[in-house]
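Residue numbers (the UniProt record's numbering), protein chains in the order written: chain L, 1 to 264; chain W, 1 to 264. Beta carbons are placed, not taken as given, at the ideal position from N, Cα and C, and that holds for glycine.
Number of protein chains: 2
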Amino acid sequence: MTGFLFERGDEKMRTYRLVIAYDGTAYQGWQRQANTEMTIQGILESCISKAAGYAVEVNGSGRTDAGVHARGQTASVVLHGKAEDGFFTEKVNKLLPPDIRIREAGLEKNGFHARKSAVGKRYVYQIDTDEKPDVFDRRYTYHFPKKLDIAAMQQAAELLTGTHEFAAYTDKKDETSTKRTIYAIMVGGQGGRINIQYEGTGFLYHMVRILTGTLLEVGMGTRRIESVTIALEAKDRTKVGFLAPARGLFLDEVYYKEKSWKEE
Amino acid sequence: MTGFLFERGDEKMRTYRLVIAYDGTAYQGWQRQANTEMTIQGILESCISKAAGYAVEVNGSGRTDAGVHARGQTASVVLHGKAEDGFFTEKVNKLLPPDIRIREAGLEKNGFHARKSAVGKRYVYQIDTDEKPDVFDRRYTYHFPKKLDIAAMQQAAELLTGTHEFAAYTDKKDETSTKRTIYAIMVGGQGGRINIQYEGTGFLYHMVRILTGTLLEVGMGTRRIESVTIALEAKDRTKVGFLAPARGLFLDEVYYKEKSWKEE
C-alpha cells in the first residue's frame, strides 16, 4: 500500500528529525516494550506508521524513564519518500494522544541518527519546596518541603562539573564507559520553587536523578559538599544520594553539531 | 465525641475563612450534590469533619462549574472551638486529595460568610492559540488555534466594563437580578497564549465563559465590536457568543471589605 505522501515514483529514503514534547505521567518511559502499549516510542511508531501507510521505526536521542517528561526530546525517522507539508506536525499530531506532541519536524541528511548524531543534552529538574504541593504543577514537580541551602547546592554542583567517571552516579552496573562531561549545572530558585539545570555530553542511566538527590541532601545539610567528588573517585553508588523521582525531570533539549553548540 | 482541637471547655463557635486552590478537572464543580462524591465542597466538608470529629458545613464564595479551577476560591466554616495551629493547612490538607489544597486559613468575626461578605471577584481565562496544544498546560487552557486581534478584543472588553444588566450573558433564565458591575477586563497575550482577566462585583451563571466566547468571536473577526453592547440592551442570549469551555477558567481571588479593595 502506498501512502498519500509520495510524489509519484519518488520513493527515495529520506531522514527526518523530530522534536517532541510529552507529559510522561501516564507512560512506561520512552522505549518500546513488548508487554505494554504505553511507551512514547511505541505510540509514535504506531501513529507515524498509520499516517504513512507502512511500518516506520522511530529512534530517540535516548531513553527516558517511566514518568519522565520532555519539552525537547528528539527522534529520527526514515520515510520512503518526501513528507508533504504538515505530515508530522498536523497529520501525525492529530493521531497522537494529547500528552504527546511533535513540536517540529525537519529534513536531515541521510545517515542522521537522533542518538548517534547528538553532541549534548539539557535536562531540568523541578522541585516544589512549599509545605503544600502546588495543585496545578504536581505532575511536573517533586514535592520536597525542606529548607534548602541553594548556595551550598551550587558549590557542590560546580565540583561535579567537568569530565569525570560518573560510575557512582548510575544504577546500571554494566555501562561500557561511565566517563561523561558536564558543561554546567545551574541551581536556581525563588518562591517555593527550585530548578536544577544540567547540560552535558550525555548522562548515564538515572544519572540526573541521582545527581539531584545528592544535591538535595547537600541543600538540606545532611551531606557535606566535598562528598560529591569523593564519591566520584570511590565509584560507589552507596556513597551518593537518593534517586529523585521521575515526575520532576524534563528532557529540555538535545544538541546537534550544526547548532555549533559549545563551539563559540 | 470531642475533637482534639478544643481547649478544655472552650466550645465557643468560631468562624474561619479558607483560601482554596483546586484543579477542577476531575470534579463535578464546587457544589455538594446528592448523586456524586466528586464535588469540591463535598470533599472539603468530609475532610474537615473528619479532622474536627463532628460534621461541619463549608460555605463557598460561590459555585464554580464542573471542570473550572481555582487559585483563590474562599469558603467560611464554623468550628465549635478554636482550631489549633495548622489544623486546616496541615491536618486537613493531609486528608485532602492532591488536586485540592487549603492555601490559607484565618479567624474571622462571627457572622462572616464567604459569599455574603464578598465584595468582588477576579477570574482569569487562559487560551492556548498555538496550532498544537501545549502538552503540559492542556488541562488549564482552552485550545483555540486561531489568529486573534487582541486590540479589537480589548476594545470590546472596554465596552462591557461598567454597571450593566448582563441578562444576555448568562444561561440561567430566572436570575432575580442580572445587574452586575465589571471593574476591568484585561486582554493580554504573548507567544501563543492569551489571558483574559475579569474583575467585578460578581458574575452570573456562565457569565465569564460567555463573555470569553464573545470576545473570542470579536478577536476572530466574526463578530463586530459594537455588537457586545447591543446584546446588553437586547438581553438576548442568542445575540452573544459561545460558551467557552470550563477548562480554561480560574477563580483567582475573592475580595472582602477589609482589603479596602476599590476604595483607594
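Please go through the same chain and pick out, in chain order, the residues whose beta-carbon is closer than 8 Å to the beta-carbon of L/Met1, but skip the five residues on each side of it. Bear in mind that a pLDDT of 38 at L/Met1, under 50, signals an unreliable position, so the number given afterwards is only what the model happens to contain. Taken in chain order, the residues that qualify are Gly53, Tyr54.
Please state whether the Cβ-Cβ distance between L/Ile196 and L/Tyr255 is less than 8 Å. no
W/Phe136 touches chain L at which residues, Cβ-Cβ below 7 Å? Asp23, Tyr140
From the DSSP output, read off the bridge partner residues of L/Tyr256. L/Ala118
Does the beta carbon of W/Asp128 come closer than 8 Å to any beta carbon on chain L? no
is_contact[W/Asn93, chain L] using C-beta, thresh 8 Å: yes
Three-state secondary structure (DSSP) of W/Leu249: strand
Report the partner residues of L/Val77 according to the DSSP bridge assignment. L/Tyr16, L/Val58
Length of the line joining the Cα atoms of W/Ile43 and W/Thr25: 15 Å
In the structure shown, what three-state DSSP assignment does L/Ile194 receive? strand
With H, G and I counted as helix, E and B as strand and the rest as coil, what does DSSP make of L/Ile182? strand
Under a CB-based cut-off of 8 Å, is L/Asp99 close to chain C? Protein chains in the displayed structure are L and W, and chain C is not among them.
Does W/Lys132 come within less than 8 Å of chain L when only Cβ atoms are used? yes
Identify whether W/Gln28 lies in helix, strand or coil by the three-state DSSP scheme. coil
How long is the line joining the alpha carbons of W/Gln28 and L/Ala114, rounded to whole angstroms? 44 Å
Rounded to the nearest angstrom, how far is the Cβ of L/Ile150 from that of L/Gly219, given a contact under 8 Å? 7 Å
Interface partners of L/Arg103 on chain W, CB under 8 Å: Lys132
Along chain L, which residues have their Cβ under 8 Å away from the Cβ of W/Thr89? Glu131, Lys132
Might you give, ordered along the chain, the residues of its own chain that have their beta carbon closer than 8 Å to the beta carbon of L/Asn59, omitting 5 neighbours on each side? Ala75, Ser76, Val77, His113, Ala114, Arg115
What's the C-alpha gap between W/Thr15 and W/Ile102? 16 Å
If you pair each beta-carbon of the region 181-199 of chain L with each one of the region 207-216 of chain L, do three or more pairs fall below 8 Å? yes
Put L/Arg103 into one of helix, strand or coil per three-state DSSP. strand
In angstroms with no decimal places, state the Cα-to-Cα distance between L/Arg223 and W/Ala51. 37 Å
Beta strand (DSSP E) segment containing W/Glu165, residue limits: 162-165
In angstroms, rounded to a whole number, what distance separates the CA positions of L/Lys257 and L/Ser117? 8 Å
Please classify L/Ile150: does DSSP put it in a helix, a strand, or coil? helix
Beta-carbon contacts of L/Glu217 that lie in its chain and below 8 Å, excluding the five residues immediately before and after: Arg223, Gly241, Phe242
Between W/Arg180, W/Met153, W/Val135, W/Asn93, which lies nearest to W/Met207 when the distance is taken from Cα to Cα? W/Arg180
Own chain partners of L/Lys172 with C-beta closer than 8 Å, once the 5 adjacent residues on each side are dropped: Leu204, Tyr205, His206
Can you look up L/Ile127 in the DSSP assignment and give me helix, strand or coil? strand
Quick one: is W/Glu263 near chain L, going by C-beta distance under 8 Å? Here the model assigns W/Glu263 a pLDDT of 42, short of 50, so the residue's position is not dependable and the matter cannot be decided.
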